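What follows is one structure encoded as structure tokens, with my remarks underneath.
Residue numbers (the numbering used here), protein chains in the order written: chain A, 2 to 732; chain B, 2 to 732.
Shown next as structure tokens:
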């Protein structure tokens, strides 16, 4: 053991880390995680005055209220951080239940053995130099995990800063924590070391307290999903926030996300890597696959995870939901002292899907009695600068709007004082008046300031004294937070009846006789789909011109003749498709043409497929592809320019139900076409959704054998829905 | 004159205000505006201890450094704000050059006469109760303006809070100004009273100083455009920010926007009213038309006005540009101590059109010598948490990246200390080291913090002491600001050669013999376009089946036959168009059919138009419509689903040149079609743009006589561009 523990907070990585043993399933039980986060006595292994990490850690434990013993272990013994240290782990008193390990990688395995020998079951490993630095490091990380499993240890990290259990005032965390550490209802899990401090600072500036903050490090053993599950069950946590580079346990994540939803705890996730560059960078930093960002979006949508795209929205959305809980609806009443704020709020509400209904007549009458004559009584309400004459104006208006039956949520533009005046009495009285008025309301009241500026120490003092509600910083971010909170609330209501499907709950595997790696083209694929309940256009595979004509007679003119060749996926590209054939002569000629074309292309020609010609309708493309992280993913889109130029498709991870497919269809930019825009027959959306679900269910039951499946087009004419062509590739 | 001056900061309005005499052109000269903003002696008319406005105003003038005399006028005389007041304006000493008027509306005209009598030429009118409260108020506002014009007065307001000339420490402003008032390069013009304080507070929290801040009020005389023009010419102002509800002088605005561009002063505008509700609210608050938001967007794009959508971005974008000036390009090098910050930055850069190129080999080599072995050397660069061991790491890396020839701008993740430690020496030294390293760079260096938290009073002290550059608050907003700054810089470079066209510079009116209110359909409109240099498909108007056949023979088969009837705009809807006719018989039959259809529809049938049938190509729609605020606006879009479902069109105000039309075409979501996606022939964009310019120029020269013009379709086949149908409506 040397004294200086050098480590970076995040470093390079190699793809080897992606094959770490933690990729599937959890290595630790919820009880182990709970023990890790709730120690009674802590030992700092590798403590030294020469390390800023050790100094900060020691200071944190002493400043922020940890009331158990803190022991220091240094191989030279002597005085460290002003206290007598222990030379070895074996010298420590009994009862230590967490070790914070800051030793070089060379001795890490030995140290862990010693911890186990001394019955210290949990450890935070700050040391870096593992999976994130290449193959050698990854090997050591495997050894560490193997040892931990064998000896029953629970490890957080390596290459992580530790955690801050603010609820219990336990702060084994290797970076400086600025006072005051605010306790509160927001749990924070970060796949980043440096950003943990930024999040802590921002939460403090917003006067939002945290329950537990965890800096994950490499997740060799305890993962983001494990920490998230702890927070779902933690009574001190009301909202969970996640900063995510990659999700290593997708199936577990879905299960825990569903648990959170059922527990009524919103999950607010800031997932990076959505751009090409960002994805590359995240992969380099974490060493794991980050997945297709559009699939992540689909997953979050299906599981009610609130996605944000900045740290500010992450914390403010969480702070809001922790305070209000589920919100009853999206109809907002605004009460402000500023016309400009009203206009910004109106624009931003539209962005965020919030409605600003007209006030009810009784509300208008009531407000007219409150606001000055020259004010316009409308929603959003500007009570005018007359508040300089009557400071109670805002809260009087608030009380009136609270009685409006058409409003679900009230947004009050108000802020806390910034600088302490010579006589602060008025500041306290004003804030108390507003806070009391808000508490007297029946509806949820969301308070926002005009711009995102700190709640200053004086503002926090006032807020604490009068129990002022949380103030969302800035109209822009306030309505981002409110919009997300409202959508989550709506999702939670809609899905209370079990609409969230997790993969484990649904798998009924089926067998299929397909050669691995093979591709089934039109006829074979269509027959398979038809056999499994998917509506497919009638068709016959024929191997001669005479048979083609006979089939055409049976199916009825006009017909389509298509080349049948297993190794040609896009037969229309080579002239292998003939449409609108109206008599035997044309069919005969078409058969000869398409098969000749196939032979000229050196294809494995089986003959031709004959189908009745369908009239025009809406062409959908339905596909199943395999995401490396999330498994089978459904894609639905409209044909033509929609998919070719606009890439207008919607994704959903499997399994899906009708409601989820309907959501997906309605989210298409060309959705108006399904409603009969441009003169086409209005599609029977339920019928379309049922067909898509039948395709998705089939794909899901095929499990890992299916590589991809594409139906192009799925033709929709009113309530008639038919697959006209299909392609299946087996793994 | 009574003692209590009651007023709101913003109030209700009626449409009457929209007809105020200030709608067109400026009522004041630049010299008058300059005099208004630079007084040497100020009188407060209606000063009283009972008014918060009067108290704040008096305190502001005394606290923030105004060194001229401040006189108080109160009809009862006596002591006001602790000083002896004057009973009448006539009693005031000579030399007063600004009056701040807080008297009731009932005496306003009398007071203004008295000011003029006493040779006080400028006044801020805080009093409300004018155009914003209805017809009576609007009438009084007209009288006030008439009086001012007659007596040579310059008025700011009414219903405004005044202004803060921070550069000159002149603060006739009716709301409390929190100390310290930071002087700096950002000019602020706001069509809002209450938000002025929010902007002031936020600027202070970002340590961004202002030159002049003006709260416009009703703009009865001095308008937003006048204030903007002052800032363009003000040597203390480097960047102009505008909070806009409505632009009352569109033509003047364009001229001043162009002046700003030529002066190298960016204009950053936060224009509200972009949503339906927001537009309604803005109209109610200002009483003036807000115009179509998509047209505003086009105007801003064409004149290089930077549009932002929140107050935070407004101030930070301005602060950034004031510090860096034009930026050389969009290739960004990131130097950070955090992997998480790198990932967020990568995602946000893609949003904002910023490139993150790979570092040059020499940079990579240089960085490898600086950062620890376990760091990944890439752009964006994470120097790792090893900065805790080597605090100089960040600036050493900065110096290396500064030498990379492929990087235009460096973004450094760094922040100022928040709380003053017991020994602040280290904080000062760290900041000084970073500031020196930034100053030593050849490239512009943009500093950003991880989240948007205040620069605290201690942080400001440190920044001032070591001349630390501005810190953009939060990665999200920092890259919003940088993206806009880069785009503005690029626009300024591209347009240095006179590409910005203002309406006045271009008008060459032409005459046309058209009945006002009439509509010209196909043949008449097409002939008019062809006569004026617009390529139109050949065609003949015929009045008999024989003439139709003769025309078809001349034009060559296949042909199109279309009903000619002045009162039928959409003839295909009633079956008045027959396509692809290949012989005389078909033409004869088609002529009879379409004219019969026309007669059955009781149309004024003139016969039929015969055109040669064109093959398939790309169909564009080109239209000119009249915006109530901005006049003639060009709209270009692709036909079919693009315009019908996606409303995919691009707007530009006239006049336009080829470059602007090319920008518009490239901005279409379906632009890939023009490049030959989906197998159509690639369009000759220059030829398309030239045709569109010829249409736009014609429309522009028609001035106010033109109501609308639509070419649908403009068919594009390679370099062949032809109008196939047209419709012109005259006012």
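All C-beta atoms, glycine included, are put in the ideal place defined by N, C-alpha and C. The structure displayed is predicted, hence computed values, not measured ones.
Bridge partner(s) assigned by DSSP for residue i
{"i": "residue 123/B", "result": "155/B"}
{"i": "residue 87/B", "result": "74/B"}
{"i": "residue 628/B", "result": "632/B"}
{"i": "residue 242/A", "result": "189/A, 269/A"}
{"i": "residue 472/B", "result": "448/B"}
{"i": "residue 1/A", "result": "For chain A, the structure presents residues 2 to 732; residue 1/A sits outside this window and is missing."}
{"i": "residue 335/A", "result": "412/A"}
{"i": "residue 357/B", "result": "The partner list for residue 357/B (beta bridge, DSSP) is empty, contrary to what the question assumes."}
{"i": "residue 707/B", "result": "731/B"}
{"i": "residue 623/B", "result": "637/B, 712/B"}
{"i": "residue 45/B", "result": "73/B, 101/B"}
Alpha helix (DSSP H) segment containing residue i, residue limits
{"i": "residue 349/B", "result": "340-352"}
{"i": "residue 650/A", "result": "Looking at the DSSP string, residue 650/A is not in any alpha helix (DSSP H); the run it does join, the beta strand (DSSP E), is 650-654."}
{"i": "residue 458/A", "result": "458-467"}
{"i": "residue 694/B", "result": "686-702"}
{"i": "residue 198/B", "result": "195-206"}
{"i": "residue 588/A", "result": "585-601"}
{"i": "residue 550/A", "result": "546-556"}
{"i": "residue 101/A", "result": "No alpha helix (DSSP H) holds residue 101/A; the beta strand (DSSP E) holding it covers 99-102."}
{"i": "residue 543/A", "result": "Unbroken run through residue 543/A is the beta strand (DSSP E), 541-543; no alpha helix (DSSP H)."}
Burial state of residue i, where buried means 16 or more other Cβ atoms lie within 10 Å
{"i": "residue 25/B", "result": "Annotation note: pLDDT 49 at residue 25/B (below 50); position unreliable, coordinate value reported separately. It is exposed - the Cβ of residue 25/B has fewer than 16 other Cβ atoms within 10 Å."}
{"i": "residue 511/A", "result": "exposed"}
{"i": "residue 702/B", "result": "buried"}
{"i": "residue 350/B", "result": "buried"}
{"i": "residue 427/A", "result": "exposed"}
{"i": "residue 648/B", "result": "exposed"}
{"i": "residue 583/A", "result": "exposed"}
{"i": "residue 495/A", "result": "exposed"}
{"i": "residue 179/B", "result": "exposed"}
{"i": "residue 12/A", "result": "Any reading at residue 12/A needs caution, since the residue's pLDDT is 33, under 50, leaving its predicted position unreliable; the model's value is listed next. Per the 10 Å Cβ criterion, buried."}
{"i": "residue 80/A", "result": "exposed"}
Residue i: first and last residue of the uninterrupted beta strand (DSSP E) it sits in
{"i": "residue 447/A", "result": "446-449"}
{"i": "residue 308/A", "result": "307-309"}
{"i": "residue 729/A", "result": "727-731"}
{"i": "residue 582/B", "result": "578-582"}
{"i": "residue 163/B", "result": "163-166"}
{"i": "residue 723/A", "result": "721-724"}
{"i": "residue 212/B", "result": "211-216"}
Within-8 Å CB hit, residue i to chain C
{"i": "residue 386/B", "result": "Although the question refers to chain C, the structure presented lacks it and instead comprises the protein chains A and B."}
Residue of the options minimising C-alpha distance to residue i
{"i": "residue 304/B", "options": "655/B, 37/B, 314/B", "result": "655/B"}
{"i": "residue 613/A", "options": "663/A, 588/A, 621/A, 603/A", "result": "588/A"}
{"i": "residue 688/B", "options": "716/B, 337/B, 707/B, 383/B", "result": "716/B"}
{"i": "residue 561/A", "options": "570/A, 585/A, 630/A", "result": "585/A"}
{"i": "residue 193/B", "options": "622/B, 53/B, 681/B, 224/B", "result": "224/B"}
Which residues, in order along the stretch 666-686 of chain A, keep a beta-carbon less than 8 Å from a beta-carbon of chain B? For the stretch 666-686 of chain A, the set of positions with a beta-carbon nearer than 8 Å to some beta-carbon of chain B reads 670, 671, 673, 674, 678, 679 in chain order.
Between the stretch 696-715 of chain B and chain A, which residues of the former have CB atoms less than 8 Å from a CB of the latter, in chain order? Among the residues of the stretch 696-715 of chain B, none has a Cβ less than 8 Å away from any Cβ of chain A.
Short of 7 Å Cβ to Cβ, which residues in the stretch 169-199 of chain A face chain B? For the stretch 169-199 of chain A, which is checked against every Cβ of chain B, the residues closer than 7 Å are 179, 193, 194, 195, 196, 199.
Could you please tell me which residues of the stretch 462-492 of chain B, in chain order, have their CB closer than 9 Å to any CB of chain A? 474, 475, 476, 477, 478
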